[in-house]
Amino acid sequence: MPETITAPACTTFDDWLAVSTDGFAAMNAGRDPAHLVKELVQNALDALGLGGGEIQLNCQAQDGGVRITCRDSGCGMANLADIRTVFHTSKTDSHLQRGRMGRGFKEMLCMALEATVTSGRRRIEFRMEHGRRVTRQVQLPADQATPGTLVEMQMPWDGDVIQHLVKYFQGMLVPDGVHLVVNGQRVCHRLAQDRIEASLPTELLEDGRWIRPIRKTAIELVPVREGEVPMVYELGIPVCPIEWTVGFHANVQQRVPMNPCRDAVASGYLLKLHRACLPTLLPELSEEQVRQDWVGSAAPHCDEAVQQQIIAKGFGQNIARSVPKMGARQFDEDAREIGTMIIDTRQTSGGFRQILQQHVPTTMEVVEEHNRKRVQAAAAGSFDVADVYQAQDDASARRRRLIESVGGKERVEQVMDFARWFCQKLLDGYEGSAVCSVTLAMLKDVGAIATWSSDDVLTLGIDTPWLWTDPFGEESLATLIHEAAHHLNAHHGQDFHKELEKLAGRAARIMLLHGQEVRQRWPGLSGR
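Under my numbering, read the sequence shown as residues 1 to 528, first letter to last.
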């Protein structure tokens, strides 16, 4: 006989996945009850839209748990059956809405002992019957219709949580036009002190995936009340502490990117928020507050003008960065002597260190600039040899004595003529080469031998004897080479020293090729 094959039994399910309500509840059991209840309130706010309306939230001890009731006067729900489906929403997603695909409502519902949702003449009931969870949809008589939406949930919480819930929702920043009542107490709209325009990341569901695009928005700075911790708010809903020390909440007027439990913002978001608010908050900050870590972290990302304000307010005006001792020279001590406050950037946080290095000079730079200005001031009192011998005042008499002490009028004029020729030879051939002139000044009191001005005037110190008695000596020639290098680079940086080396080589070539000319033109300068 042929073998008979029996087909296996077949069971058909309505869907591919079965979501365990108990498992879903276990995932959310550790969450702050306030963060679950706020999902009801934010759904109610979204339902009201821009037109405003009323929301009543009640939290009452009942039957060994806490009964949560949230009623709004919004647009209502078109299809109550949809709220049973996880990750289903009938809304077109917008970064200006608080809710995320109805997820928050389902998270709270799965923990409830029982619940009802009523909108218009429709009601959906979630009950426990004979140890099983059951759902019923009810059509109400016309006289029992509920405007907007009414959500009632019996939660397995201890009654002590009620005080925490009431305090949390009394701290909401209620949008203008919304009448919110929590356990019979009105939560009034609070005015913002400042409104900041900014571009910040947000969250948006697009093509089935969550993205975090940058969107233009406003941040409202709302003064904190006594006992409040400054918080980040998403469209009036508290999210998490903002981690700054100024007395303002930051109410972001768009969806805030958060972690899955929506009790903390996404990584890096606080830094972006701090950076956006810092320019507005800066006048409110004390000297101590300006030096706090949140400012230091945000400062490198701010405009240069804001960075300079931070430095001035937090560290002072007349400041310089410490540098190590260089041989026998201690620039930090020199800077202190001229009244400069020294900042050791090794003792500052990374953000402050970055802007200090960008905007604050070192003590070496401060000291050199101070000396340069002193020399410039002394050089401003320069004089010509001819004028000294014509004038009869005391200053001219003193200058004449100095000129005579180094060889007299004729020798000084010859040294000046050689200095002019030598510097001109050094600079000939450079682009924009100088046509230098030479003058005299009293420079010893400012610790200088010679100086080169921006308009290519070489000023020689008449009170430095060896400059006149041995003009062909190594010290004198080194001085002239150094000053000519300042025509090419005004500051003593690496580039200056490179130019100095080149000019030293050029000077050797000049004296080698033009040695006979030098001896013929200035025969009396080879020695006294």
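All C-beta atoms in this analysis are idealised placements derived from N, C-alpha and C, irrespective of residue type, glycine included.
* Closest Cα partner of P241 within the set V265, L235, L36 and E220 -> V265
* **Residue from M155, R31 and H189 whose Cα sits closest to the Cα of D63** => M155
* Option nearest H95 by Cα separation, candidates Q309, R420, D463 and M258 -> M258
* Along the beta strand (DSSP E) that carries M153, what are the first and last residues, could you check? => T146 to M155
* Asked: Which stretch, first to last residue, makes up the beta strand (DSSP E) that contains K325?
  -> Run containing K325: none; DSSP gives neither H nor E here.
* Report the three-state DSSP secondary structure of T12 (helix, strand or coil). => Residue placement at T12 is poorly supported in this model, since its pLDDT is 47, which falls under 50; the coordinates are not used for a value here.
* Measuring CB to CB, does L503 end up less than 8 Å from L426? -> yes
* Asked: First and last residue of the alpha helix (DSSP H) that includes I242?
  -> Element bounds for I242: n/a, residue is neither H nor E.
* To do: Report the partner residues of S437 according to the DSSP bridge assignment.
  => Looking at the DSSP output, S437 shares a beta bridge with V457.
* Asked: How would you label E483, buried or exposed, when you count the other beta carbons within 10 angstroms and need 16 or more for buried?
  -> buried
* To do: Look at the alpha carbon of D263 and the alpha carbon of Y233, and state the distance between them as a whole number of angstroms.
  => 11 Å
* When we look at the beta-carbon of V229 and count the other beta-carbons within 10 Å, is it buried (16 or more) or exposed? -> exposed
* Identify, in the order they occur along the chain, each residue of the same chain with its Cβ nearer than 8 Å to the Cβ of K444, setting aside the five sequence neighbours on each side. => G461, D463 and T464
* DSSP state of P361 mapped onto helix, strand, coil -> coil
* What residues in its chain sit with their C-beta under 6 Å from that of F168, if we drop five residues either side in the sequence? -> Strictly speaking, residue 168 in this sequence is Tyr, with Phe absent from that position. Here the set comprises A34.
* Span of the alpha helix (DSSP H) around H482 -> E474 to L488
* On the three-state DSSP scale, how would you describe E410? -> helix
* Same chain, Cβ closer than 6 Å to E152, neighbours up to 5 away in sequence not counted -> If we look at E152 and ignore the five residues flanking it on each side, its Cβ neighbours are T69 and T116.
* To do: Name, in chain order, the residues that DSSP records as bridge partners for A126.
  => Note that residue 126 is Phe in the sequence shown, not Ala. Beta-bridge pairing links F126 to A115 and T135.
* For M258, which residues does DSSP report across the bridge? -> V265
* First through last residue of the alpha helix (DSSP H) which encompasses P523 -> No alpha helix (DSSP H) holds P523; DSSP gives it neither H nor E.
* Assess, as a yes-or-no matter, whether the region 366-377 is touched by the region 404-413 under the definition of 3 or more beta carbon pairs within less than 8 Å. => no
* Asked: According to the neighbour-count rule (16 or more other Cβ atoms, all chains shown, within 10 Å of its Cβ), is Q390 buried or exposed?
  -> exposed
* **Backbone secondary structure at R98 - three-state DSSP** => coil
* **Pick from N318, L440, D394 and A397 that is closest to Q414, judged by C-alpha positions** => L440
* Asked: What separation, rounded to the nearest whole angstrom, lies between the Cα atoms of V295 and L191?
  -> Spanning the two alpha carbons is a distance of roughly 25 Å.
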